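Each step along the sequence shown adds one to the number in this note's numbering, with nothing skipped, and position 494 is 512.
Data first, discussion second: the structure below is written as structure tokens.
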Amino acid sequence: MRKVWNQRCPLICLLLCLLFLAVCAPENAYADMYAMQASATPVSGSEIELRWNAVSQAGEYAIYRRTPGNASFQKIKTTPNTVYKDKKISAAVSYYYQIVPISRDTGKEIKAALVTLKAKAPGSVSVEKVKVKSPTKIQIYWTMSAGSGGYQILRSEGDGGRYEEIARVNGKTVCTYIDGEVTPGKTYYYKVRPMDQRKTGFGSYSAAAKGRTIAKTSITSITSLSSSQMRVTWKKVKNARTYEVYRSTKAKGGYQKVYTAKSGTQKFTDKTVKSGKKYYYKVVVTGSFNGERISSGYSEEEAFRALKQVRISSVKATSDDGLKIRWSKVTGATKYKIYRATSKLGSYKQIATVNGASSLNYTDRSVSSGKTYYYKVQAYSDGKGVITAGSGTRSEARGSSTSYAIMGKTSVTADQMAALYQSSGKKYPSGVYKSKGAKNIREFCEIVMDESEKEGVKAEVIFAQVCLETGYLQFGGQVSAAQCNFAGLGATDDGAAGATFPNVKTGIRAQVQHLKGYASKDDLNQKCVDPRFMYLAGRRGTAKYVQSLGGGNWATDPIYSVKLMGLIKAMKSY
């Protein structure tokens, strides 16, 4: 028995030792099970953010901190989270942190998983100076930040607006930056934020500092007052102190300053010109920022020769819904610019350039029906420049109203007509028209398109009439839906019900033919189904335009045409 025990004794002792270690070993004996990765990053001059990964056996984490003046770490927080923000710090001071997981089972700190971190928030900065280097460059200077490894520059286009990073500069002592993406005349606001040595953390933002260059002006007119006097005018610029006028006899180079105007003046009369000679002008805007003179640089040059003022002879509507402008020839002009406004004293915008000395008319096809437009024409000679004569830079205004032709090519689709109908919210009377060739609004619109095209009438006018006169096919007057009489043909104010047609196609054809009778003197292309066509002999061709309808012509409603044009405009918007 003693021999057996002696043989087994070493094995039993080994098992007992292992059992002892398993029960009594400290938690840090399994440090590899609790590996932690953490970071300490300054997010401002008064805050450092700690982050770490979760440890599976930990229920909480103890946060310790030490400053250079203290020999030991002091616990500052116990948290179940994996993020902690230390908001009780000072800028430019190094802080040491220890993050220790606490076992969920025993409540003891797992010292083996402890991590130690170091972080320092960079010291504060302030923008010392903002200087204008050129019309498109602003230079910023700021104070050096203790403990920084570089700086982040941010810019906003409004006081209190959103700031966006525009650059980063490396190095603690590099305390200036030139912003080369500046729009002349625009005000910008800048902030600087120091970065830590690793370029991942930041100190606090500086206070905002304003920077502004001055915008260029543009010459708006050069007017010939006489054969020896020309007037130059230019656009007003915000924050201008003076305007310097320069002149040359060639486009590039040779410019000499001939006049300096104060900020409230935007014109100059040059009394030293020679008749027939071409002169080039530029204007420079000057101002000040932070007590220093700033300049816009030259405006684009403008040149002149003495040309007479253009005289517009007529503005008339065309058959294809445009407005044609005609004017008299100006000796020496090689091209003409056309300007347009919607009121005589309104803001005129250039819409076209007509090249050629003998080209003396222009048709504006970008007009809307029913509106009044005013035009000015300006004569130009070779090259560029605002060259006019008389009291203004352009001709006297001449206006005309547009009219919407009834005859012509349809400018909408069946889908657009159907969309207009559907926008009304009315229910299509399919129960009435299914047996009459149009089971839905799409088929109805296709019939309108087809019948209108056959007679050369614009389908949008026909469909607008249908919607207006039937209340979107709801009827309700003495004419019923079953009559397929979509224009009230033969219906009178004394209660007469009017004509009845066998189907939608015939009813639309009769309406198209009746309207063609008003709009044209041409013969019908199809067999006449309009029972009232014979009575139009005295009215043939009296309403070529929608604006001619109403007030006793087709309808008694004095604003009948206005209503039609509103429907046509809405139709075209879909």
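Here a beta-carbon is modelled for each residue, glycine too, at the ideal position from N, C-alpha and C.
In this text the structure is predicted, and so the values were computed from the model without any measurement.
For residue i, the first and last residue of its enclosing alpha helix (DSSP H)
i: V450; result: S448 to Y451
i: V522; result: V522 to A537
i: E341; result: Sequence check: residue 341 is Leu here, not Glu. First-last for L341: L341 to W345, but that is the beta strand (DSSP E), not the alpha helix (DSSP H).
i: E183; result: From DSSP, E183 is part of no alpha helix (DSSP H) but of the beta strand (DSSP E) over E182 to N188.
i: Y439; result: A432 to S441
i: L542; result: No alpha helix (DSSP H) holds L542; DSSP gives it neither H nor E.
i: L486; result: A477 to T488
i: M467; result: I459 to E473
For residue j and residue i, believed in contact at Cβ under 8 Å, the rounded distance
i: S306; j: R259; result: 6 Å
i: S144; j: S222; result: About 10 Å separates the two Cβ atoms, so there is no contact after all.
i: K389; j: S419; result: 7 Å
i: D548; j: Q531; result: 4 Å
i: V522; j: A509; result: At roughly 18 Å, the Cβ-Cβ gap does not stay under 8 Å, so V522 and A509 are not in contact.
i: M230; j: T241; result: For the sequence presented, residue 230 should be read as Arg rather than Met. Not confirmed; about 33 Å, so no contact.
i: L9; j: K590; result: This structure cannot settle anything about residue 9, because the visible part of the chain is limited to 19 through 592.
i: I117; j: I81; result: 6 Å
i: T251; j: S266; result: Their Cβ separation, rounded to whole angstroms, is 19 Å, which puts T251 and S266 out of contact at 8 Å.
i: Q544; j: R558; result: Actually they do not touch by this definition, with Cβ atoms about 17 Å apart.
Per-residue DSSP class, three states only, for residue i
i: K581; result: helix
i: I586; result: helix
i: T574; result: coil
i: M54; result: coil
i: E321; result: In the sequence as displayed, the identity of residue 321 is Ala instead of Glu. In this structure, A321 counts as strand in the three-state DSSP scheme.
i: Q492; result: coil
i: V564; result: helix
i: L554; result: helix
i: A514; result: coil
i: Q501; result: helix
i: K209; result: strand
i: K454; result: helix
i: S591; result: coil
i: P60; result: strand
i: V111; result: coil
i: S413; result: coil
i: E67; result: strand
i: C42; result: Any reading at C42 is ruled out, since the residue's pLDDT is 39, under 50, leaving its predicted position unreliable.
i: N379; result: strand
i: V302; result: strand
i: L363; result: coil
i: Y223; result: coil
i: M248; result: strand
C-beta contact flag for residue i and residue j at 9 Å
i: A139; j: G219; result: yes
i: A432; j: E464; result: yes
i: S281; j: P153; result: no
i: Q327; j: E414; result: yes
i: Y261; j: V276; result: no
i: I424; j: V475; result: yes
i: L491; j: P447; result: yes
i: N503; j: F481; result: no
i: S112; j: K136; result: yes
i: F322; j: Y299; result: yes
i: E65; j: I128; result: no
i: K342; j: T381; result: yes
i: T100; j: I158; result: no
i: T201; j: V301; result: no
i: P119; j: E183; result: no
i: L68; j: A76; result: no
i: K155; j: G189; result: no
i: G568; j: Y553; result: no
i: V333; j: R412; result: no
i: A514; j: L533; result: no
Below-9 Å beta-carbon distance, residue i vs any chain C residue
i: N71; result: Of the chains in the structure shown, none is chain C; there is only one protein chain.
Near the ligand PLP: residue i beta-carbon under 8 Å from a heavy atom
i: K342; result: The ligand PLP is not part of the structure shown, which contains no ligands of any sort.
Start-to-end residues for the beta strand (DSSP E) that takes in residue i
i: L172; result: G168 to S174
i: K103; result: V101 to D104
i: Q92; result: Q92 to T97
i: Q368; result: K367 to N373
i: E78; result: A76 to R84
i: V263; result: T260 to S266
i: K234; result: That residue, K234, is in no beta strand (DSSP E); it is neither H nor E in DSSP.
i: E199; result: Premise fails: E199 is in no beta strand (DSSP E) and is neither H nor E.
i: F286; result: K285 to D288
i: V333; result: I330 to A335
Worksheet item: Where are the beta strand (DSSP E) runs, 3 residues long or more, that stay fully inside the segment 128-159, in chain order?
Response: 133-138 and 145-152
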